[in-house]
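Asker: In the UniProt record's numbering, the protein residues as written are 1 to 453.
1. With a Cβ-Cβ cutoff of 8 Å, do residue 397 and residue 426 count as a contact?
2. May I ask you to report which of helix, strand or coil DSSP gives residue 11?
3. Considering only residues of the same chain and omitting the five flanking positions on each side of residue 331, which have a CB-CB separation below 8 Å?
4. With residue 55 and residue 100 assumed to form a contact (beta carbons below 8 Å), what rounded beta-carbon distance in angstroms separates them?
5. Between which two residues does the alpha helix (DSSP H) harbouring residue 108 extend?
6. I need the straight-line Cα distance from residue 155 to residue 148, nearest angstrom please.
7. Tell me the rounded alpha-carbon separation between residue 91 and residue 121.
8. Contact between the stretch 230-244 and the stretch 197-207: three or more CB pairs below 8 Å?
9. According to DSSP, simplified to helix, strand and coil, what is residue 234?
10. According to DSSP, is residue 21 helix, strand or coil?
11. Kindly indicate the opening and closing residues of the alpha helix (DSSP H) around residue 50.
12. Report the rounded CA-to-CA distance for residue 69 versus residue 138, giving the unit in angstroms.
13. In this structure, does DSSP put residue 448 in helix, strand or coil?
14. Could you give the DSSP three-state label for residue 291: helix, strand or coil?
15. What is the rounded straight-line gap between the Cα of residue 151 and the Cα of residue 183?
16. I'd like the span of the alpha helix (DSSP H) that includes residue 41, first residue to last.
17. How big is the Cα-Cα spacing for residue 446 and residue 429?
18. Tell me whether the beta-carbon of residue 230 lies closer than 8 Å to the beta-carbon of residue 279.
19. Cβ of residue 163 within 8 Å of Cβ of residue 341?
20. Buried or exposed, going by whether 16 or more other CB atoms sit within 10 Å of the CB of residue 104?
21. By the three-class DSSP mapping on this structure, what secondary structure does residue 1 have?
22. Please identify the residue among 361, 44, 132 whose C-alpha is closest to the C-alpha of residue 31.
23. Pop quiz: residue 128 and residue 116 are said to be a contact at Cβ under 8 Å. What is the actual Cβ separation, rounded to whole angstroms?
24. DSSP on residue 119, reduced to helix/strand/coil?
25. Do you know offhand how far residue 325's Cα is from residue 178's?
26. On the three-state DSSP scale, how would you describe residue 96?
27. Helix, strand or coil: which one does DSSP assign to residue 314?
28. With distances taken from CA atoms, which of 60, 20, 44 is nearest residue 35?
29. Taking 8 Å as the cut-off, decide whether the C-beta atoms of residue 219 and residue 277 are in contact.
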């Protein structure tokens, strides 16, 4: 099969790369892959027609030049030629030869000449086909890479457009949200101040609540203790009253002593009653204080509920702020990607601009070359006019000589040798003139073809 040493299109100063010389079987196989019909007889015994037909197919495959395009006359050249019908075959032939020279130079065969298809031979044709097939394989590989790069470029362009559209949409959302935030900023600042104030109040209320709860627990304990004491005193008073009744019903031998005991017990009973009244009053005060503390606790709970609602509102605000940050980050990422694509687009634009500048330079070179060709053409035209004048003069002299021969037939024998020498000289001059005219036409066609290429 073919070697991997493919040839690239060389410039005038580029080195010539080697290419493998293929066997006939490899040549037929590769031509079959390229869908170019070619038989072994055409390779072993090549003819000018078969080789030119083969080369025309190569031109169409590798350079996009069809046989019909090569056969089209160069109208710019036809207009300046005196006898264009004489060059109906030579102009397409020159176009074909120029294209083949360009193709073979790209293939690494700079010494391609007309004899390669006018008088082809087996070894030379085998070498030319190996070079062209090598270039075709090289072109096929590079074409795949080019198509891949082209597809990637189109995908990147579509992605850039999608990102630009997404970026515009996100920017619009951010602008709308920023406007909304700006519109709600005074209310938000007022809420933040109010929230801060309520937080301080809530902290104070929490501290008061803690103190009140401690006082309530202490007062409840005191009230419970006083209630137990009051119950105990009531039982004791009842017991004392029962004892007094029992003592009054008894008959005693010492009334003074009994009276003294009864008075002591009555005093103790009065004291206990006062203690009970004092305890009940203290209990009522404690209950009233507990009720007041419960009202304060209810107020504190309401304040706590309000603060919790404020905290929830602040949490929602924080969520919204985080959402804004996330969207800003997404926009930043999209903008970074957009900048990267814009940089890539700038690079591609610079490449296009460089190519356009190169094309402009080439066009200027072509224009300068056209001016040179035009000057050369005018010079050749002047030379041609001079040559035609000389030819006219020669023809006039020939006519005069013929007239002189007819008038001086009696001197023919004597002047025959001299006359024949003069005729031969005139014919030679005419032939040289004709050669100069043909050479002039060929140079003209060459310059015109170079200008077109």
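Virtual Cβ for every residue (Gly too), placed ideally from N, Cα, C.
Answerer: Straight from the coordinates:
1. Within the chain shown, residue 397 is the residue found at index 397, counting from 1. Within the chain shown, residue 426 is the residue found at index 426, counting from 1. Yes, Cβ-Cβ distance for residue 397 and residue 426 is below 8 Å.
2. Position 11 of the chain shown, counting from 1, holds the residue named residue 11. With a pLDDT of 39 at residue 11, under the threshold of 50, the modelled position of that residue is not reliable, and the figure given next carries that caveat. Of the three classes helix, strand and coil, the one that applies to residue 11 here is coil, per DSSP.
3. Locating residue 331 in the chain shown gives position 331, counting from the first residue. Result list for residue 331: 167, 170, 171, 174, in chain order.
4. As a working note, residue 55 is residue 55 in the chain shown. As a working note, residue 100 is residue 100 in the chain shown. So it is a contact: roughly 6 Å between Cβ atoms.
5. Within the chain shown, numbered from 1, the residue matching residue 108 stands at position 108. Counting along the chain, no alpha helix (DSSP H) covers residue 108, and no H or E run does either.
6. Numbered from 1 along the chain shown, position 155 holds the residue referred to as residue 155. Numbered from 1 along the chain shown, position 148 holds the residue referred to as residue 148. Rounded to whole angstroms, residue 155 to residue 148 spans 10 Å at the Cα level.
7. Counting from one through the chain shown, the residue named residue 91 turns up at place 91. Counting from one through the chain shown, the residue named residue 121 turns up at place 121. Cα-Cα distance, rounded: 26 Å.
8. Verdict: no, contact absent.
9. Within the chain shown, residue 234 is the residue found at index 234, counting from 1. In the structure shown, residue 234 sits in a helix (DSSP, three-state: H, G or I).
10. Within the chain shown, the letter at position 21 stands for residue 21. Of the three classes helix, strand and coil, the one that applies to residue 21 here is coil, per DSSP.
11. Residue numbering aside, residue 50 sits at position 50 when the chain shown is read from its first letter. From DSSP, the alpha helix (DSSP H) with residue 50 extends over 48-62.
12. For this step, residue 69 is matched to residue 69 along the chain shown. For this step, residue 138 is matched to residue 138 along the chain shown. Using only the alpha carbons, I get a separation of about 25 Å.
13. Stepping through the chain shown from its first residue, residue 448 is reached at position 448. Here residue 448 sits in helix by DSSP.
14. For the purposes of this step, residue 291 is taken as the residue at position 291 of the chain shown. Helix.
15. Along the chain shown, one-based indexing puts residue 151 at 151. Along the chain shown, one-based indexing puts residue 183 at 183. As the crow flies, the alpha-carbon of residue 151 is around 48 Å from that of residue 183.
16. Position 41 of the chain shown holds residue 41. Note, residue 41: alpha helix (DSSP H), 40-44.
17. Your numbering for residue 446 matches position 446 in the chain shown. Your numbering for residue 429 matches position 429 in the chain shown. Each residue's Cα considered, the two are about 26 Å apart.
18. As a working mapping, residue 230 is identified with position 230 in the chain shown. As a working mapping, residue 279 is identified with position 279 in the chain shown. Yes. Within cutoff.
19. Here residue 163 refers to the residue found at position 163 of the chain shown. Here residue 341 refers to the residue found at position 341 of the chain shown. Judged by beta-carbon spacing, residue 341 lies within the 8 Å limit of residue 163, meaning their Cβ atoms are closer than that value.
20. Position 104 of the chain shown holds residue 104. The residue in question, residue 104, is buried, as its Cβ has 16 or more Cβ neighbours within 10 Å.
21. Position 1 of the chain shown holds residue 1. Residue placement at residue 1 is poorly supported in this model, since its pLDDT is 38, which falls under 50; the coordinates are not used for a value here.
22. The sequence position of residue 31 within the chain shown is 31, counting from 1. Of the candidates 361, 44, 132, 132 places its Cα closest to the Cα of residue 31.
23. Locating residue 128 in the chain shown gives position 128, counting from the first residue. Locating residue 116 in the chain shown gives position 116, counting from the first residue. For a cut-off of 8 Å, the C-beta gap from residue 128 to residue 116 is around 6 Å, short enough to register as a contact.
24. Taking the chain shown and counting its residues from 1, the one referred to as residue 119 is at position 119. Coil, per DSSP.
25. As a first step, residue 325 must be located in the chain shown, where it is residue number 325. As a first step, residue 178 must be located in the chain shown, where it is residue number 178. Those two C-alpha atoms are separated by around 12 Å.
26. Taking the chain shown and counting its residues from 1, the one referred to as residue 96 is at position 96. Under the three-state reduction of DSSP, residue 96 is assigned to helix.
27. One-based indexing of the chain shown puts residue 314 at position 314. Correct three-state label for residue 314: helix.
28. Here residue 35 refers to the residue found at position 35 when the chain shown is read from its first residue. Nearest of 60, 20, 44 to residue 35, Cα basis: 60.
29. As a position in the chain shown, residue 219 is number 219, starting the count at 1. As a position in the chain shown, residue 277 is number 277, starting the count at 1. At a Cβ-Cβ threshold of 8 Å, residue 219 and residue 277 do not count as neighbours.
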